[in-house]
Structures are given as structure tokens and as C-alpha cells.
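Numbering (the numbering used here), first residue to last: 1257 to 1461. To start, the structure itself, in C-alpha cells.
Shown next, in the form of C-alpha cells:
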């Protein structure tokens, strides 16, 4: 199982963190190892190698078929469920790595940095590109998004990624975060929603 993630996929988020950079012309892809996966409402422990860990709330897609060089018009056949996930980012490390021109996988791929909620069958939604989602921290909504605002649609991303690496059953696709990212603190209670349905629920320790 591999975790594929998309950066800079919502215009307002791009302006939030990368105001001096143009919007990407193709999907910005990075990977997380399987050891990054955090599920079953287990707590997230803030690592001691950084000073700021940010939440990035995202729609996560579950791959259910083996595929390579998938045509975009067939991409919808390759996933069967979605959930809300958190792409935890060691923000201070990311800033330093970017400033030094170095790869920044470590700030994204550390243990438990990919939290996911309960899966919802894709059939429950009429259009994957019209799904609302949001994150509450300690009962207050801190980030809200809709997949209709993506720069690159889910099927586009699947077609693009499958040119480079074979998609396998159980792979996860984190599809990017909207505007509103921010830091977490010990004791925070995170709850993620697809539309009005809570699918993600855990604490920061």
C-alpha cells in the first residue's frame, strides 16, 4: 500500500502558502510511506523533531483496482470509497528544506502523518467533484472545502499518477487541502466531516 498525495490543488491554499508562485500547470505529487498511516481514531502524537505541526484537511480516495496508464474517462472505475484525512505537515521543517532547496519528504512522510477516517462508499455521492468537507478542532470549524474547487479533478489526478507508477488495490490518494491550514496543539480534539457526516475523530497528544 502506498499513499499518494497532491500539493497545491486548491487556488486559495496556493495563495495562502505560496503567494509568490504561479498556480501549478500539472498535479504536484508527493508520497508518504505506509508507516505514515494513522487510523481507527488512534491519537496523533506531536513529534519532538519539529516545533510546528499543521493540519491539512483533505478528501481521501481509496483505490480498488490495479491500473497503469489509466485513461481519464475510465478513472472513476478505479476507486470505491472516500473519507476525510489529515495530511500532517512539520511546517518549520518544510520551510527550512524549501529555503535550502532540499527535498521535503521528511516533513510530510513521518510516522502517523496521514490520518484517515471511516470510509464512505462512493455511491453515496452523486458527484465526487461536488463533495463538501470540513474539520472541527475542539468543536470549532477551522477548515472548510469543496472538491468542486480543485485545480485538478480526482480522475485527472489518477490518470496523471498512473503514467508514472502502477496503482494497486488499497492505495490511498490524498487530493489536496483547501485554504485554512493551521497548527495543532496537545489536547486538541479533531473531527472531520464529509458533508454533515462525521467520519474522523481523534485527539492530539
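Even for Gly, the Cβ is constructed at its ideal location relative to N, Cα and C.
Outcome for residue i when other beta-carbon atoms lying within 10 angstroms are tallied against a minimum of 16
i, result
"residue 1312", "buried"
"residue 1265", "buried"
"residue 1382", "exposed"
"residue 1441", "exposed"
"residue 1445", "exposed"
"residue 1288", "buried"
"residue 1390", "buried"
"residue 1263", "buried"
"residue 1332", "exposed"
"residue 1395", "exposed"
"residue 1305", "exposed"
"residue 1397", "exposed"
"residue 1411", "buried"
Which residues DSSP lists as bridging residue i, in chain order
i, result
"residue 1397", "1392"
"residue 1345", "1310"
"residue 1445", "1459"
"residue 1402", "1388"
"residue 1263", "1284"
"residue 1430", "1261 and 1316"
"residue 1424", "The partner list for residue 1424 (beta bridge, DSSP) is empty, contrary to what the question assumes."
"residue 1357", "None; residue 1357 has no bridge partner."
"residue 1453", "1450"
Presumed contact (8 Å Cβ cut-off) between residue i and residue j, rounded CB distance
i, j, result
"residue 1319", "residue 1429", "7 Å"
"residue 1314", "residue 1433", "5 Å"
"residue 1295", "residue 1393", "With 8 Å as the limit, residue 1295 and residue 1393 do not qualify as a contact, their Cβ atoms being about 19 Å apart."
"residue 1322", "residue 1423", "7 Å"
"residue 1309", "residue 1345", "7 Å"
"residue 1340", "residue 1456", "5 Å"
"residue 1460", "residue 1443", "7 Å"
"residue 1409", "residue 1386", "With 8 Å as the limit, residue 1409 and residue 1386 do not qualify as a contact, their Cβ atoms being about 11 Å apart."
Within-8 Å CB hit, residue i to chain C
i, result
"residue 1441", "Absent here is chain C; the protein component of the structure consists of one chain."
At least 3 beta-carbon pairs within less than 8 Å: the segment 1443-1456 vs the segment 1275-1283: Because the criterion of three Cβ pairs below 8 Å is not met, the segment 1443-1456 and the segment 1275-1283 do not touch.
Contiguous alpha helix (DSSP H) assignments of at least 4 residues, all confined to the segment 1283-1312: Within the segment 1283-1312, complete alpha helix (DSSP H) segments of at least 4 residues are not found at all.
Stretch pair the segment 1414-1424 + the segment 1367-1384: three plus CB contacts closer than 8 Å: Fewer than three Cβ pairs drawn from the segment 1414-1424 and the segment 1367-1384 lie within less than 8 Å of each other, which leaves the two stretches out of contact.
Segment contact, 8 Å Cβ cut-off, at least three pairs: the segment 1379-1395 with the segment 1349-1360: Inter-segment contact for the segment 1379-1395 and the segment 1349-1360 is absent: fewer than three beta-carbon pairs are separated by less than 8 Å.
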